[in-house]
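A quick write-up on the structure given underneath.
There are 2 protein chains.
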Amino acid sequence: MEPEPTYSDDGMQPPARLRALTSWQASKVSLLGTRMTAQHMPLTARADFAVLAALEEYGELSQADLGRRLGLDRNEISGIVTRLHRDHHLDRHVDPDNRRRNVVTLTASGKRYLEEIQHHTDTVQNELLVGLTAAERRQLNALLTKLLSSHKTQSA
Amino acid sequence: MEPEPTYSDDGMQPPARLRALTSWQASKVSLLGTRMTAQHMPLTARADFAVLAALEEYGELSQADLGRRLGLDRNEISGIVTRLHRDHHLDRHVDPDNRRRNVVTLTASGKRYLEEIQHHTDTVQNELLVGLTAAERRQLNALLTKLLSSHKTQSA
DNA sequence: GGTCAACGTTGATACTCCCAACATAGCATA
DNA sequence: TATGCTATGTTGGGAGTATCAACGTTGACC
Numbered sequence: 001m002e003p004e005p006t007y008s009d010d011g012m013q014p015p016a017r018l019r020a021l022t023s024w025q026a027s028k029v030s031l032l033g034t035r036m037t038a039q040h041m042p043l044t045a046r047a048d049f050a051v052l053a054a055l056e057e058y059g060e061l062s063q064a065d066l067g068r069r070l071g072l073d074r075n076e077i078s079g080i081v082t083r084l085h086r087d088h089h090l091d092r093h094v095d096p097d098n099r100r101r102n103v104v105t106l107t108a109s110g111k112r113y114l115e116e117i118q119h120h121t122d123t124v125q126n127e128l129l130v131g132l133t134a135a136e137r138r139q140l141n142a143l144l145t146k147l148l149s150s151h152k153t154q155s156a
Numbered sequence: 157m158e159p160e161p162t163y164s165d166d167g168m169q170p171p172a173r174l175r176a177l178t179s180w181q182a183s184k185v186s187l188l189g190t191r192m193t194a195q196h197m198p199l200t201a202r203a204d205f206a207v208l209a210a211l212e213e214y215g216e217l218s219q220a221d222l223g224r225r226l227g228l229d230r231n232e233i234s235g236i237v238t239r240l241h242r243d244h245h246l247d248r249h250v251d252p253d254n255r256r257r258n259v260v261t262l263t264a265s266g267k268r269y270l271e272e273i274q275h276h277t278d279t280v281q282n283e284l285l286v287g288l289t290a291a292e293r294r295q296l297n298a299l300l301t302k303l304l305s306s307h308k309t310q311s312a
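Chains as they are written, first to last, in this note's numbering: chain A, 1 to 156; chain B, 157 to 312.
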């Protein structure tokens, strides 16, 4: 049922100048992940996941440390933490040793929420990598890790 | 000159749950590319680059075809084409064979603009991949290409 | 001729990132 | 002690991108 002329989908490739660009490829992969994620959970759950995962792995953290760990701006952390605190997924209290800091800790509810998001995340990850073998997935992860680590030292 | 306690930067890693996620890695690589790009040109030049590259490789295209080639929404293409046309980087005329379509073609000015952006883009690409060997860069490109091609067929 | 689909445009909404303030709080040195 | 600099958390504005919905125009199919 195509009233309009259809072109061969094989030829529907992006231009070579874009296919050669790592940053363009990365943005498209990221977008695919975003679209798949949106089908399983609200998009804000991705930011929640990052904060909850950091707290679960490293224990209590200040909001500034959370931002440095995750590469997110302070104002983003502020919003995410406020939302998670409202839903009782974490505790927030002023550090008595440094009263500028808000020390944030995971609650039992937050841990449950984290594992729930983890489950959906695993689904998305498998769907995203469906075309790659296990060895290729490891290679891809290693290469991206190496690329990112070569830039991690200089940006907050 | 650090009045505050400093933590070892080696330990400043994102949580393992994020490091394992391809979509998170991809978004961070994309963000790095965006930041580097912003230091060489206005960010809108990235969208311009995509449209100009498609026209240069495939010749005249309708706006809808441009959107399908580049994975961009029609309204985005509309804005980009309007901007490029305003700056005389492309011609836009109604297709006489199908008067719904706007056929877009590259001008000499547009070709020059494309090559100018290409130059900055090469710089960013090299800076982004500075930590990888030539073989690793080829591997990474091949893996991302394979990942993307396994999803290309089903989304516009 | 009527129905449906494609096209281009405009608008609204959401998410992310960046930058700039601001008030509070701690450190460092004079 | 007093001054200045930095860190922290919060709030707000702005830009770029993506999604969805409408609308009028145009073409194809029945």
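Backbone N, C-alpha and C fix where the C-beta goes; we use that ideal spot for every residue, glycine too.
Quick one: what does DSSP say Arg248 of chain B is sitting in, helix, strand or coil?
-> Position 92 of the second sequence, counting from 1, holds the residue named residue 248 of chain B. In the structure shown, Arg248 of chain B sits in a strand (DSSP, three-state: E or B).
Report yes if the CB atom of Gly33 of chain A is closer than 8 Å to the CB atom of Ala182 of chain B, and no otherwise.
-> If you number the first sequence from 1, residue 33 of chain A lands on position 33. If you number the second sequence from 1, residue 182 of chain B lands on position 26. Yes, the Cβ-Cβ distance between Gly33 of chain A and Ala182 of chain B is below 8 Å.
Whole-angstrom distance between Leu187 of chain B and Leu300 of chain B, CA atom to CA atom = In the second sequence, counting from the first residue as 1, residue 300 of chain B sits at position 144. In the second sequence, counting from the first residue as 1, residue 187 of chain B sits at position 31. Distance between the alpha carbons of Leu300 of chain B and Leu187 of chain B is about 16 Å.
What does Lys28 of chain A reach in chain B if we use C-beta pairs closer than 7 Å?
-> Start at 1 with the first residue of the first sequence, and residue 28 of chain A comes out as number 28. Near Lys28 of chain A (Cβ distances below 7 Å), the residues of chain B are Gly227 and Leu304.
What are the residues that DSSP puts in a beta bridge with Ser62 of chain A?
-> Taking the first sequence and counting its residues from 1, the one referred to as residue 62 of chain A is at position 62. A:Val103, per the DSSP bridge assignment.
Between the C-alpha atoms of Leu72 of chain A and Trp180 of chain B, what's the straight-line distance to the nearest angstrom?
-> Mapped onto the first sequence, residue 72 of chain A falls at position 72. Mapped onto the second sequence, residue 180 of chain B falls at position 24. Computed Cα separation, rounded: 13 Å.
Closer than 7 Å at the beta carbon, the chain B residues around Met12 of chain A | Walking along the first sequence from the start, residue 12 of chain A turns up at place 12. Neighbours of Met12 of chain A on chain B, chain order: Arg224 and Arg225.
Cβ neighbours of Glu159 of chain A in the same chain (closer than 7 Å, five flanking residues each side left out) = With chain A covering 1 to 156 only, the question about residue 159 of chain A has no answer from this structure.
Under 9 Å by beta carbon: chain A residues contacting Ala176 of chain B = Here residue 176 of chain B is taken as the residue at index 20 of the second sequence, counted from 1. Ordered by position in chain A, the residues that pass the 9 Å Cβ test against Ala176 of chain B are Gln125 and Asn141.
Would you mind telling me which residues of chain B sit closer than 7 Å to His151 of chain A, beta carbon to beta carbon, in chain order?
-> In the first sequence, residue 151 of chain A corresponds to position 151, counting from 1. Chain B residues near His151 of chain A: Leu188.
So, Thr107 of chain A versus His119 of chain A, is the Cβ gap smaller than 8 Å?
-> The residue labelled residue 107 of chain A in the question sits at position 107 within the first sequence. The residue labelled residue 119 of chain A in the question sits at position 119 within the first sequence. Contact: no.
Mind pulling the chain B residues with CB within less than 7 Å of Val130 of chain A?
-> Mapped onto the first sequence, residue 130 of chain A falls at position 130. Chain B residues near Val130 of chain A: Ser306.
For Pro171 of chain B, count neighbouring Cβ atoms within 10 angstroms of its own Cβ and tell me buried if that reaches 16, exposed if not.
-> Locating residue 171 of chain B in the second sequence gives position 15, counting from the first residue. Buried.
Excluding the five sequence neighbours on either side, which residues of its own chain have a C-beta within less than 7 Å of the C-beta of Val280 of chain B, listed in chain order?
-> Within the second sequence, numbered from 1, the residue matching residue 280 of chain B stands at position 124. Contacts found: Gly189, Met192, Thr193 and His196.
Does the beta carbon of Ser23 of chain A sit closer than 8 Å to a beta carbon anywhere in chain B?
-> Reading the first sequence from its first residue, position 23 is the one you call residue 23 of chain A. At least one chain B Cβ lies under 8 Å of Ser23 of chain A.
Cα-Cα, which of B:Arg294, B:Thr178 and B:Val286 is closest to Ser150 of chain A?
-> Translated into positions along the first sequence, residue 150 of chain A becomes position 150. Closest by alpha carbon: B:Val286.
Run down chain B in chain order and give the residues with a C-beta less than 8 Å from the C-beta of Glu163 of chain A.
-> With chain A running from 1 to 156 in the structure shown, residue 163 of chain A is simply not present.
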